[in-house]
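Reading through the structure tokens given below for one structure.
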Amino acid sequence: MNWDVRDYIARVQAAGQLKEIKGADWDLEIGCLTSLLSKQDNCPAIIFDEIKDYPKGFRLLTAPTSNPVTLCITFGLPVISNTLELLEVLRQKLPVWQGAASANLPTVVKSGPVMENVYSGKDIDLFKFPTPRWNELDGGRYIGTGDAIITRDPDDGWTNVGTYRVMVHDKNTLGFHMSPGKHGRIHYEKLHARGKPCPIAVSIGHHPLVYRVGCLEFSPGIEYGLLGAIAGSPVPVIQEDITGLPIPADAEAVIVGWCPPNEFREEGPFGEWTGYYASKGRPAPIINVERIYHRNNPVMLGSCNAIPPHEDSYYHSVMRSTVIYSEMIQAGIPDVRAVWLSNVGGRLLITLSIKQRYAGHAKQAALIASQSTVGAYMGRYVIVVDEDIDPTDTQEVLWALCTRSDPEKDIDIIRRAWSTPLDPIIRKPATAFMNSRAIIDACKPYEWMDEFPQEIKIDEAVAARVMQKWGDILKS
Ligand SMILES: Cc1cc2nc3c(=O)[nH]c(=O)nc-3n(C[C@H](O)[C@H](O)[C@H](O)COP(=O)(O)O)c2cc1C
Ligand SMILES: [Mn+2]
Numbered sequence: 001m002n003w004d005v006r007d008y009i010a011r012v013q014a015a016g017q018l019k020e021i022k023g024a025d026w027d028l029e030i031g032c033l034t035s036l037l038s039k040q041d042n043c044p045a046i047i048f049d050e051i052k053d054y055p056k057g058f059r060l061l062t063a064p065t066s067n068p069v070t071l072c073i074t075f076g077l078p079v080i081s082n083t084l085e086l087l088e089v090l091r092q093k094l095p096v097w098q099g100a101a102s103a104n105l106p107t108v109v110k111s112g113p114v115m116e117n118v119y120s121g122k123d124i125d126l127f128k129f130p131t132p133r134w135n136e137l138d139g140g141r142y143i144g145t146g147d148a149i150i151t152r153d154p155d156d157g158w159t160n161v162g163t164y165r166v167m168v169h170d171k172n173t174l175g176f177h178m179s180p181g182k183h184g185r186i187h188y189e190k191l192h193a194r195g196k197p198c199p200i201a202v203s204i205g206h207h208p209l210v211y212r213v214g215c216l217e218f219s220p221g222i223e224y225g226l227l228g229a230i231a232g233s234p235v236p237v238i239q240e241d242i243t244g245l246p247i248p249a250d251a252e253a254v255i256v257g258w259c260p261p262n263e264f265r266e267e268g269p270f271g272e273w274t275g276y277y278a279s280k281g282r283p284a285p286i287i288n289v290e291r292i293y294h295r296n297n298p299v300m301l302g303s304c305n306a307i308p309p310h311e312d313s314y315y316h317s318v319m320r321s322t323v324i325y326s327e328m329i330q331a332g333i334p335d336v337r338a339v340w341l342s343n344v345g346g347r348l349l350i351t352l353s354i355k356q357r358y359a360g361h362a363k364q365a366a367l368i369a370s371q372s373t374v375g376a377y378m379g380r381y382v383i384v385v386d387e388d389i390d391p392t393d394t395q396e397v398l399w400a401l402c403t404r405s406d407p408e409k410d411i412d413i414i415r416r417a418w419s420t421p422l423d424p425i426i427r428k429p430a431t432a433f434m435n436s437r438a439i440i441d442a443c444k445p446y447e448w449m450d451e452f453p454q455e456i457k458i459d460e461a462v463a464a465r466v467m468q469k470w471g472d473i474l475k476s
């Protein structure tokens, strides 16, 4: 695969999946346009050019994976436009990719397109990039949304690539937020505990696959290798001068610097994927920027949150469902038919369908899903349904919930689980971010499922006969 985002743009354009918008204002208009377009079904990728106050050519890409076609192009897969089929392909591929990660570690190269422009010292100006203020109450302009932040574990040396929000404080200072437990945060906390600054590289423009892997919960340090495995060719990286961190050679723009211990500046609020401004502005770590690298006419990658579904909802439903499914298999849960994260609730609402094989099967499946790497962090509800229910069909799920579960015996609560300041239900300020989980067994009761009331089904032969006789009326 070609690691150049411009190759991705050419491909989505050729597939009729690119909307070009000229003349939008970085101040709220880019965010508003992205939000409105992503409310439509099958939102294409969107590229903004001639952004107000910025030279033509300094572009911003949003909604890179908001429908099955653009998602397949991002992953270098043959295009599949049906989500259930795509889920099937991904759930077969993901374990293969994960297994191939260690054989696809990045290759170090001397130089690359990202080195076309290099700024240090007084020449550093973060306002050079057309960074949006995405939503009205955002505490500033967020340059890092579709980003990939590269950090290294000071003890074991593994490199992380993660997506975390980044705000511009001034021309050479950034603020950022990493939730407790996130890999990047573990890295800076280890160094800060020793009184040392943490080196950080923030890529703000790259092939969307980099960001799409960066925003998923995986085992520590797998991201670069996983990217190589998915793409079928390792990521070429440059060992960056100042931090020594490996940065993608084909990135569009990378900002590097140091996050000092004990220095904080007010960051946020930020309109989050939940549809809320999660927290008020509060002190957060900073990055003192030492250098900026960027290609000529860079293409930034951005993401705009809104009340869901929004531009990110489709991707998270598909990929996080795939990751949970894969972990269920690894944990040895038999007969999991499908897993689906709601496109409105995201990880807050996970539904899985199983073919009940033994007493307790449903509970086991639900507990594992709830504490899988994706489900453990800021989950809320897990619903288990029988195999005849399609978890992607909200109406079917609600029907099963309403008719096959009995709250008194079918709802269990897990207490003090891993949450985050992003969780709207946690009142701030808080000392620890924990929440509870409801595990709902909406399967037919195992011990008498064979006696469970018969559902009303339409006989296929009758349906065919009726269609033949009254097809006109039925179709009109
Ligand atoms: C657009 C976007 C922005 C995100 N911003 C943050 C953030 O600011 N802080 C955070 O902790 N996680 C954020 N996440 C979620 C993380 O990317 C995700 O949990 C990822 O697994 C973190 O990487 P890690 O597992 O290597 O720590 C964001 C995800 C997306 C898609
Ligand atoms: Mn990680």
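Here the numbering used here is used: the first residue of the sequence shown is 1, the next is one more, and so on. Don't be surprised by glycine CBs; every beta carbon is placed ideally from N, CA and C. Note that the structure is predicted; figures quoted are calculated from it, not measured.
Residues I368 of the same chain have their beta carbon placed closer than 7 Å to that of A331, with the five preceding and five following residues left out of the count. Short of 7 Å from the beta carbon of G281, and not among the five residues preceding or following it, lie these beta carbons of its own chain, in chain order: G139, E266, E267, G268 and P269. The set of residues with a C-beta under 6 Å from any non-hydrogen atom of ligand 2 comprises N160, G162, H183, F218, P220 and E223, given in chain order. Counting only runs that start and end inside the stretch 380-434, the beta strand (DSSP E) elements of at least 3 residues fall at 381-386 and 411-418. Counting only runs of 4 or more residues that sit fully inside the stretch 33-94, the alpha helix (DSSP H) segments are 68-75, in chain order. Cβ atoms of I383 and I440 come within 8 Å of each other, at about 5 Å. Here G57 is not near P132, since their CB atoms are 8 Å or more apart. Contact check for A442 against D410 passes: the beta carbons are separated by less than 8 Å. Excluding five sequence positions before and after H316, the CB atoms of its chain that fall closer than 6 Å to its own CB belong to G346, given in chain order. Taking a contact as a CB-CB distance under 8 Å, the pair S66 and Y314 counts as one, their CB atoms being some 5 Å apart. With contacts defined as CB atoms closer than 8 Å, P113 and Y54 fail to qualify as a contacting pair.
Secondary structure within the stretch 259-298: the beta strand (DSSP E) runs of 3 or more consecutive residues, fully enclosed, are 264-267 and 282-294 (chain order). For G471, the shortest separation between its Cβ and any heavy atom of ligand 1 does not lie below 7 Å.
Each of I350, A461 and W3 was checked against the Cα of D393, and the nearest Cα belongs to I350.
The beta-carbon separation of T34 and T62, rounded to 5 Å, stays under the 8 Å limit for a contact. For Y358, there is no enclosing alpha helix (DSSP H), as DSSP marks it with neither H nor E. Proximity of the beta carbon of L216 to ligand 1 is indicated: a heavy atom of the ligand is located closer than 7 Å. Considering only V256, G244, R152 and P236, the residue with the shortest C-alpha distance to D250 is P236.
When the Cα atoms are used, K110 and N104 turn out to be separated by approximately 19 Å.
Burial check for I473: the Cβ neighbour count within 10 Å stays below 16, so the residue is exposed. Secondary structure note for I247: its beta strand (DSSP E) is the uninterrupted segment P246 to P248.
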